[in-house]
Amino acid sequence: MRVSGILPDAFVFPIVIKALGTRGVWLHGHVVKMGHGGDCFVRNAVMDMYARHGPIEFARRLFDEMSERMVADWNCMISGYWRWGDEVEADKLFGSMGVRNVITWTAMVTGYSKRGDLVSARRYFDQMPEKNVVSWNAMLSGYAQNGFAEEGLELFNEMVSGGGVQPDETTWVAVISSCSDRADPKLANSLVNMLKEKNVRLNGFVKTALLDMYAKCGNLAAARKTFDELGTFRNVVAWNAMISAYTRVGDLKSARELFDRMPRKNVVSWNSMIAGYAQNGESAMAIEVFKEMINSKDTKPDEVTMVSVISACGHLGALELGNWALNYARKNQIPTSISGYNAMIFMYSKCGNMKDAERVFHEMERKDVISFNTLITGFAAHGDGLSAVNLMWKMKEYGFQPDRITYISVLTACSHAGLLEEGKKVFESIGAPDVDHYACMIDLLGRVGKLDEAKRLIEKMPMAPHAGVYGSLLNASRIRKRIDIGEFAAKELFRIEPENSGNYVLLSNMYASMGRWNDVERIRGEMKTGGVMKTTGWSYVEYNGKLHKFIVGDTSHERSKDIYKLLMELRKKMKLAGYMADKESVLRDVEEEEKEEMVGTHSEKLAVCFGLLVSEPGAVIRVVKNLRVCWDCHEAMKIISKLEGREIILRDNNRFHSFHNGLCSCKDYW
DNA sequence: ATAGGGTTAG
């Protein structure tokens, strides 16, 4: 072998081996043959190659065979063990070393950081006899990558105020990344100013980190400007960061545009797009993109992909699709993270399958607070308040502290199940209840009929009530027909969120149920003059593993004609059976809307009719609606379930309504 | 060194 016309010597070999990476293995033989095996630098390079690329045991054998070891030999072995996840051996070597240098200590800091053990990392960092910029960077990056933004920024302050070292580009990347986590525009600004003052040269990493920081701190324009000016630094990471920047603010169109335009995609690109759709209520699109990803074949889904996909299936109530996705993951040996299991719990409970949700929960070797919260929320949606409360008290036995979401979920569960005493106990056990917990408690009081107590609690709140608080009160007032309190709540709501049509509809329905048609007209008029639009949402039915979606007045479905035909037949049957007369006030809206060529037919009714058309007689029809179930629909579902002898399970955003033989499982709802 | 994931809500 020849390099530059001369035989490679001990100086060249280490460089060549390093440059070759894994492919350096074949050089090992040459080294021995040519007699350089005895040179300590060559030996170190070969050992390091095995420590980096494996097998680590080969490195260890070379290490053990050495009669004399340099500090670098020890350091390479320690880093190697950390790389292969062997904390015990790394620790052992560190403990048995004679002389350590700054690299040794830094390796320990990096090792513990990578494992997420920031406390141990910091212990080593603090004990270091001397620190250089790499040591500081190791600690700062550790904090940044593990979400300890606060600690990272604090340490950075220490570094610049008295650390005795100058930050380099790696430092800035870590600090900027911590700032991104904090999502604090002021801090971002001061960082940018600091960069200007110090006249820091910005490399590609720093620029991309800045892009991400701008985006996460709410300055989309600056992010885009940075992206456009990246030039040769505009790699796949920058594209992905920009895509996420758009999905974060719900601009799916711009995100998709970039996604379609980017020259190369990796798994993160796909995951960003899928998660972007999933997080913005476009679950069906999320699944479409997932299918595209599978078909494209050049990028394989990973565990992050599956989390979004499974969650999307949950939102859609698409059980067949969800099971197909889980099957795909199993067949392709995609590992399941805690988030993955949590998504499964979510999916099963959103599909009405609490047995499997509980099974997954109990099968999990490691759980986190979200696992508990998700299952508790599932119980809440199914009206199983006691299971929710019990699981919350059990959390503490498992060593988990309920967080604010736990309390929201469990109070919601109490509310749906009418568990006043249990709910009060839970509320009192919260150290410092926030405004959402008050909202839940007011909802609970309202639903059990204690409206005056609910109003008094609002007056006693230590913070300003938000719309949710008054919304709960208005809803309860409607159920209990307490027009006085209802008007009070509505007045506040019209002030806080004048654009929300739901409040107008709620109050209007309240008047309607009391036959106060003049007031109904008045509210509708106010809605019109205020320019308030009625919100609409999609309804979904899963059939044969495919999703069928409907929107109010939908005529785009291929079976649309049959659906409307069935709808009219049902209406005739309902009239013949005498339902329409009894429920005249209830169904007034339907009649009006359907007179207008059925333009206003609610999406869930269309979905149910489609279900009736395509499914086996007697089969359960499952519908998922994106918004809350409408009042007249609720009544109509009861009737249809009886007329057709079918069970209809309807899930709105957060709870299940099972209609069977003219009855509904959610008695308090309407 | 820079990019992606799960839970709450009238």
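To convert, take the position in the first sequence, counting from 1, and add 13; that gives the working numbering. Quick reminder that beta carbons are idealized off the backbone N, C-alpha and C, glycines included.
Span of the alpha helix (DSSP H) around residue i
i, result
"I509", "496-509"
"R641", "From DSSP, R641 is part of no alpha helix (DSSP H); its letter is neither H nor E."
"R343", "332-344"
"I256", "249-261"
"I471", "464-473"
"E534", "530-542"
"H375", "367-376"
"R491", "480-493"
"W97", "Where W97 is concerned, there is no enclosing alpha helix (DSSP H), given that its DSSP letter is neither H nor E."
"R195", "182-195"
"E512", "Neither: E512 is in no alpha helix (DSSP H) and is coded neither H nor E."
"T387", "382-394"
"D456", "448-460"
"S352", "351-363"
"I576", "573-589"
"M62", "53-66"
"R73", "69-78"
"S569", "Element bounds for S569: n/a, residue is neither H nor E."
Assigned exposure category for residue i - 16 Cβ within 10 Å defines buried
i, result
"L626", "exposed"
"M408", "buried"
"Y553", "buried"
"G160", "exposed"
"E571", "exposed"
"T123", "buried"
"A221", "Note that residue 221 is Thr in the sequence shown here, rather than Ala. With 16 or more Cβ atoms within 10 Å of its Cβ, T221 is classed as buried."
"G675", "exposed"
"L663", "buried"
"P511", "exposed"
"P478", "buried"
"A157", "buried"
"E610", "Because E610 carries a pLDDT of 46, less than 50, the predicted location of this residue cannot be relied on, and the following value inherits that uncertainty. Label assigned to E610: exposed."
"S569", "exposed"
"Y524", "buried"
"M3", "This structure cannot speak to residue 3, because the chain is shown only from 14 to 683."
"S174", "exposed"
"T60", "Note on residue identity: the sequence assigns Met, not Thr, to residue 60. Buried, because 16 or more other Cβ atoms sit within 10 Å of the Cβ of M60."
"W530", "exposed"
"Y290", "buried"
"D497", "exposed"
"M581", "exposed"
"N150", "buried"
"E555", "buried"
First through last residue of the beta strand (DSSP E) which encompasses residue i
i, result
"L215", "Run containing L215: none; DSSP gives neither H nor E here."
"L243", "Neither: L243 is in no beta strand (DSSP E) and is coded neither H nor E."
"V684", "Residue 684 falls outside the range modelled here, since the chain spans only 14 to 683, and no answer is possible."
"K559", "559-563"
"S671", "669-673"
"G664", "A small fix is needed here, since residue 664 is Arg in this sequence, not Gly. Per DSSP, R664 belongs to the beta strand (DSSP E) from 661-664."
Sub-7 Å separation of residue i and residue j beta-carbons
i, j, result
"S324", "A356", "yes"
"W185", "V219", "yes"
"I509", "S485", "no"
"H395", "F672", "no"
"M90", "F76", "yes"
"V281", "D315", "no"
"L334", "S296", "no"
"M172", "A201", "no"
"F240", "L224", "yes"
"K428", "R460", "It should be noted that the sequence gives Ser, not Lys, for residue 428. In this structure, R460 lies closer than 7 Å to S428 by Cβ."
"R495", "L519", "no"
"G391", "S362", "yes"
"A162", "S191", "yes"
"G155", "S193", "no"
"V565", "S521", "no"
"A623", "I576", "Here residue 623 is Phe; the residue named in the question, Ala, does not match the sequence. Yes, Cβ-Cβ distance for F623 and I576 is below 7 Å."
"K651", "C677", "yes"
"A426", "A452", "no"
"I69", "W95", "no"
Proximity test, residue i beta-carbon vs the ligand HEM heavy atom, cut-off 6 Å
i, result
"P415", "The ligand HEM is absent from the structure shown, which contains no ligand whatsoever."
**Request:** Jot down the residue ranges of each uninterrupted alpha helix (DSSP H) in the stretch 272-323, minimum 4 residues, whole runs only, in chain order.
**Result:** 280-292, 296-309
**Request:** Determine contact between the stretch 368-381 and the stretch 334-345, defined as no fewer than three beta-carbon pairs at a distance below 8 Å.
**Result:** By the C-beta criterion, the stretch 368-381 is judged not to be in contact with the stretch 334-345, since fewer than 3 inter-stretch pairs fall below 8 Å.
**Prompt:** Three or more beta-carbon pairs under 8 Å between the stretch 466-482 and the stretch 418-438, yes or no?
**Reply:** no
**Message:** So within the stretch 99-174, which uninterrupted alpha helix (DSSP H) runs reach at least 4 residues, ignoring any that extend past its ends?
**Reply:** With a minimum length of 4 residues, the continuous alpha helix (DSSP H) runs that stay inside the stretch 99-174 are 100-109, 115-127, 131-140, 146-158.
**Segments assigned alpha helix (DSSP H), at least 4 residues, entirely inside the stretch 405-432** = 417-430
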